[in-house]
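Residue numbers (the numbering used here): 19 to 360.
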């Protein structure tokens, strides 16, 4: 059974910053920002332990898939806590420090807490006729959440993407938590959320701040960081993600009486993932090239060994344009209209 957040176990924060209003905001906008999400002592300990893990060589170069190739993100390193299994030794367990509690207790308890608050929201909405743009999360409380710690040494960024691009991915909710006590304006590394055909929102990676969003319908990226930037992400599985209606864009779906109706549909549907690369083609490519080229490191980190060659970069550009044209060729009037509206 999962441990509730208010147990007397001192490793579990009774005051984890998550309230009913946060879920209401999440259901209304598909994302929410929570300040002081972690108790200060816990956040500081997690950061200290992450630095120790990095010093001991546990962080690895981060790669992402594009066009059938694995591309490095220069200056970005990560430790996948979900990859740890029963084979991990006592020494490694000790080295995890406070992250062991995050894996075993806090992460699973967070999933249960979010799921309980989400059900409470639906119960309340049913009696008040509250309208929402995002559906119930329907989190799988029996599935341990995936957790990764991420280190940007300065110069790294992330291109536009969805955390759940489609099957077999089961992610329903993303929770990014920042551990940057000295971050200030101008340091970069902000996450930018861009709900489909809405205004984008730039969020600073402040210490103890959490950003929650739907994994399958919130396009987002990370701007280049000029300084060291640390965060960790909790991905929560859902029981109803990537159903047929959310992944198959058929002619039957495209029966709209107006572009306004179409825009409203895609803004609220994971099917936006099918067309977003074409709608935001220029933005996708700009962020992709910015990511794989890197923007320069700090403290001796040059990232040069992981940067792509000119030939590979050209292939990335060609693959991007081919992907976009395969969509535009089938849906040009719709794509052109949405490009005007973005």
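Backbone N, C-alpha and C define an ideal beta-carbon position, used for all residues, glycine too.
Is residue 286 helix, strand or coil by DSSP?
-> Translated into positions along the chain shown, residue 286 becomes position 268. If DSSP states are grouped into helix, strand and coil, residue 286 belongs with coil.
Which same chain residues, not among the five before or five after residue 240, have their C-beta less than 7 Å away from its C-beta?
-> The residue labelled residue 240 in the question sits at position 222 within the chain shown. Correct list, in chain order: 175, 176, 207 and 209.
What's the call for residue 354, buried or exposed, on a 16-neighbour Cβ count within 10 Å?
-> In the chain shown, residue 354 corresponds to position 336, counting from 1. Residue 354 comes out exposed.
For residue 47, three-class secondary structure by DSSP | Along the chain shown, read from residue 1 onward, the residue named residue 47 stands at position 29. The answer is helix: DSSP assigns residue 47 an H, G or I state.
Residue 233 beta carbon less than 9 Å from that of residue 181 = By one-based count along the chain shown, residue 181 stands at place 163. By one-based count along the chain shown, residue 233 stands at place 215. Yes, these two residues count as a Cβ contact at 9 Å.
Where DSSP assigns a beta bridge to residue 79, which residues make up the other side?
-> As a first step, residue 79 is located in the chain shown; it is residue number 61 there, counting from the start. In the DSSP output, where bridge partners are listed per residue, residue 79 has 95.
Opening and closing residue of the beta strand (DSSP E) in which residue 253 lies | Here the question's residue 253 lines up with position 235 in the chain shown. Start and end: 247 to 255.
Just curious, the beta strand (DSSP E) that residue 177 is in, first and last residue?
-> In the chain shown, residue 177 corresponds to position 159, counting from 1. 176 to 179 is the span of the beta strand (DSSP E), which, as asked, contains residue 177.
Secondary structure of residue 159, DSSP reduced to three states | Start at 1 with the first residue of the chain shown, and residue 159 comes out as number 141. If DSSP states are grouped into helix, strand and coil, residue 159 belongs with coil.
Count the C-beta pairs between the stretch 221 to 229 and the stretch 190 to 209 that are closer than 8 Å, then say yes if the count reaches three, no if not.
-> yes
Report the residue from 331, 184, 259 and 243 whose alpha carbon sits nearest the alpha carbon of residue 203.
-> Position 185 of the chain shown, counted from the start, is the residue given in the question as residue 203. Among 331, 184, 259 and 243, the Cα nearest to that of residue 203 is on 243.
Per DSSP, cross-strand counterpart(s) of residue 237 = Here residue 237 is taken as the residue at index 219 of the chain shown, counted from 1. Looking at the DSSP assignment, residue 237 forms a beta bridge with 212.
Through-space distance from residue 114 to residue 70, alpha-carbon basis | Start at 1 with the first residue of the chain shown, and residue 70 comes out as number 52. Start at 1 with the first residue of the chain shown, and residue 114 comes out as number 96. If I take the Cα positions, the gap works out to 9 Å.
Is the beta carbon of residue 85 less than 9 Å from the beta carbon of residue 334?
-> For the purposes of this step, residue 85 is taken as the residue at position 67 of the chain shown. For the purposes of this step, residue 334 is taken as the residue at position 316 of the chain shown. Closer than 9 Å, so yes.
Identify every residue that forms a DSSP beta bridge with residue 90.
-> Along the chain shown, read from residue 1 onward, the residue named residue 90 stands at position 72. Note: residue 90 sits in a beta bridge opposite 81.
Spatially closest choice to residue 62 from 200, 156 and 306, by CA coordinates = Counting from one through the chain shown, the residue named residue 62 turns up at place 44. Minimum Cα distance to residue 62 is reached at 200.
With 16 other Cβ atoms within 10 Å as the buried cut-off, status of residue 254 | Here residue 254 corresponds to residue number 236 of the chain shown, with the count starting at 1. Buried is the call here.
When the Cα atoms are used, what is the spatial distance from residue 37 to residue 135?
-> Translated into the one-based positions of the chain shown, residue 37 becomes position 19. Translated into the one-based positions of the chain shown, residue 135 becomes position 117. So the two alpha carbons sit approximately 8 Å from each other.
Based on the DSSP output, what are the partners of residue 167 in its beta bridges?
-> Taking the chain shown and counting its residues from 1, the one referred to as residue 167 is at position 149. For residue 167, which the question treats as bridged, DSSP gives the partners 97 and 250.
From residue 130 to residue 121, what distance separates their C-alpha atoms?
-> Your numbering for residue 130 matches position 112 in the chain shown. Your numbering for residue 121 matches position 103 in the chain shown. Cα-Cα distance, rounded: 14 Å.
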